[in-house]
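In terms of numbering that gives the first Met the number 0, the sequence shown has 29 at position 30, counting the first letter as 1, and numbering is strictly consecutive. We treat Cβ as the ideally placed atom computed from N, Cα and C, and that holds for glycine. What follows is one structure encoded as structure tokens, with my remarks underneath.
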Amino acid sequence: MERAANGLRVRGHGLYLEPRGRPPLGFLAHARGAPPVLPERMVVTGPTSKLLEAALPRALRRTATLPAVYGQTFALGSLRLTLHPAGHVLGSAQVRCEAQGLDLVYAGDIGGAGARASLTAETLEQLTCTTLAIRAVYGHPRYVFPPRALLLERLQDFVERALRDGKTPVIVGAALGEAQEVVRHLGGRRTLRLHPTAFRACEVYTAQGCELKGFVRLDDEGDVVVVPPTVRLARLKLRAYRICVLSGRAVDGIAGADEALPLADHAGYDELLGYIRATGARRVLTIGGHAEDLAQAVRAPGIEALAIREQHQLALPGL
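In structure tokens, the structure reads:
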């Protein structure tokens with residue numbers, strides 16, 4: 000495996016697991032934060048393809064999608080691929096790559112499990128493998144998150160307090176993932192005004208069978224405003240409001256927010272460690288975020304762990 004100009008690549012097979020730019024063939028684990036330029040050919044799940052169609056229609060028209068179904072193995076040349084749920088956002092996937100001398104799982108961004116499992120994504124599937132590559136967004140010991148139900152209860156309390164005080168509750172969270180979790184929990188009680196990107200994603204979720212209700216467009220009437228972090232609230236021209244930010248970074252504190260909750264659709268540190276150890280992998284590649292902290296925690300007799308940085312070339316046995 001190697002870090003090449005267009006992302007993380009399986010050596011000898013031409014498959015990019017973290018594609019950037021326009022490589023000939025790539026696997027896109029989920030639609031969250033998808034780049035505006037996609038690979039020439041792209042392995043994705045059906046729901047991810049639909050989310051990309053809603054968010055990046057022009058980019059999607061310029062790529063040939065290779066739709067894959069969870070659990071069904073297919074061949075790309077000498078490489079056999081099988082996708083499994085990652086539990087991050089709707090359609091998110093891990094991919095198992097198999098060939099002569101190769102048993103690799105690219106887990107990418109996995110979501111929480113058990114009491115932290117997403118309400119709106121497919122349940123994370125625990126895999127086993129010889130070599131594992133996994134993203135380390137919250138791979139530091141300080142990122143251990145409370146149960147999802149507790150955080151959603153605190154979010155509900157924030158909304159009701161703000162409304163009682165005559166303020167508009169503004170919830171700031173990712174348009175894909177966290178916004179749908181908010182709608183799933185609050186939509187039966189309040190009407191939520193969604194930023195266009197979150198609204199389009201919710202439409203895809205409902206079309207894919209996820210039960211969401213109580214959401215309208217941002218310009219419509221409603222009780223609660225839900226926007227991504229990129230939005231400048233001054234442009235919304237709200238008279239009086241309170242802000243609650245949803246992010247795992249809430250553990251570190253978030254300036255400018257009236258409240259911040261660590262409601263994250265990524266696995267926390269303890270969950271990453273648990274997943275890694277349960278794979279039985281003898282080689283572990285941690286990617287991005289707190290990759291070195293996570294790799295250090297994983298290293299043990301018989302287990303090789305390496306943090307991948309930009310332009311870090313890897314040549315591991317069997318890859």
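Here Gly107 is bridged, per DSSP, to Ile133. The residue among Ala63, Asp108, Ile307 with its C-alpha nearest the C-alpha of Arg21 is Ala63. The C-beta distance from Gly165 to Ala249 rounds to 25 angstroms, too long to fall under 8 angstroms, and the pair is not in contact.
Counting other Cβ atoms within 10 Å of its Cβ, Pro195 stays below 16 and is therefore classed as exposed. Secondary structure at Val42: strand, using DSSP grouped into helix, strand and coil. In the three-state reduction of the DSSP assignment, Leu78 falls in the strand class, which pools E and B. No residue range can be given for Thr119, since it is assigned to no beta strand (DSSP E) and is classified by DSSP as neither H nor E. The C-beta of Gln93 has 16 or more other C-beta atoms within 10 Å across all chains shown, which makes the residue buried. For Phe157, the enclosing alpha helix (DSSP H) starts and ends at 147-163.
Taking a C-beta distance under 9 angstroms as the contact criterion, Val169 and Arg231 do not qualify as a contact pair. Runs of beta strand (DSSP E) with 3 or more residues, each lying fully within the region 209-247, are found at 214-216, 223-226, 240-245, listed in chain order. With a beta-carbon spacing of about 6 angstroms, Thr278 and Leu126 fall inside the 8 angstroms limit used to define contacts.
Distance between Ala254 and Val297, taken at the CA atoms: about 33 angstroms. In terms of Cβ geometry, Arg115 and Phe144 form a close pair [threshold 9 angstroms].
For Val171, the enclosing beta strand (DSSP E) starts and ends at 167-171. Taking the Cβ atoms as the reference, Leu118 lies roughly 6 angstroms from Glu180, within the contact range of under 8 angstroms. Within the DSSP bridge table, the entry for Gly6 names Ala3 as partners. By the neighbour-count criterion, in which a residue is buried when 16 or more other Cβ atoms sit within 10 angstroms of its Cβ, Arg31 is buried. Nearest to Arg189 by C-alpha distance, out of Cys209, Ala174, Gln155, is Gln155. As the crow flies, the alpha-carbon of Arg8 is around 10 angstroms from that of Phe26. For Ile253, the three-state secondary structure derived from DSSP is coil. Leu89 is positioned such that its CB atom lies closer than 9 angstroms to that of Ala120.
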